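Below: the structure, in C-alpha cells.
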Amino acid sequence: MVDYMSHVHNNRLIQAGLPSDAIFIHKTGDIGKMLGDAGIVYTPNGKKYIVVMLVNRPYNSPQGKDFIVAASSLIYNYMVNTNL
Numbered sequence: 000m001v002d003y004m005s006h007v008h009n010n011r012l013i014q015a016g017l018p019s020d021a022i023f024i025h026k027t028g029d030i031g032k033m034l035g036d037a038g039i040v041y042t043p044n045g046k047k048y049i050v051v052m053l054v055n056r057p058y059n060s061p062q063g064k065d066f067i068v069a070a071s072s073l074i075y076n077y078m079v080n081t082n083l
C-alpha cells in the first residue's frame, strides 16, 4: 500500500500545504461534491503522522482544495513545533 501511495502525482491538496523538505505519500479522491486526500507525512525532524481530509463542497468548487491546503499547513506547523 505504501508503495502504491508513493506513486500518486496529484500534489495540489495536502502536499501543497507542506514545505518542500517534507515527504508525503498519499491517495487522493474527487467525485464532484467530495474531495479527499489521505496519507503519511514524514517531517525533516523525524516526526511522522497520518492525515486524512475529506471535504463536502459545492460541485467542483475550488474552496475544498483551498481548505485542505490551509488545514494541511496548520497541522504541519503544529506537529513540527510541538513536543508530542
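Under numbering that gives the first Met the number 0, the residue at position 80 of the sequence shown is numbered 79, and the numbers go up by one with no gaps.
Glycine included, C-beta positions come from ideal geometry on N, C-alpha and C.
Predicted model, so just to flag it, every value in this text is computed and none were measured.
Is the Cβ-Cβ distance between R56 and L34 less than 8 Å?
-> Cβ distance < 8 Å, so R56 and L34 count as in contact.
Starting from the Cα of V50, find the closest Cα among G38, S60 and N59 and give me that residue.
-> Out of G38, S60 and N59, G38 has the C-alpha closest to the C-alpha of V50.
Please look up how many angstroms separate the CB atoms of A69 and G28, rounded, as I've assumed it's under 8 Å.
-> Contact doesn't hold; Cβ gap of about 19 Å is too wide.
Would you kindly report the start and end of the unbroken alpha helix (DSSP H) that includes G63?
-> Element bounds for G63: Q62 to N80.
Among N80, V1 and H25, nearest to M52 - alpha-carbon criterion = The shortest Cα separation from M52 among N80, V1 and H25 belongs to H25.
Secondary structure at A37, three-state DSSP: helix, strand or coil?
-> Looking at A37 - three-state DSSP - the assignment turns out to be strand.
Could you give the DSSP three-state label for I30: helix, strand or coil?
-> Reduced to three states, the DSSP call for I30 is coil.
Starting from the Cα of I74, find the closest Cα among G31, P18, N10 and H8 and give me that residue.
-> When only C-alpha atoms are compared, the closest one is P18.
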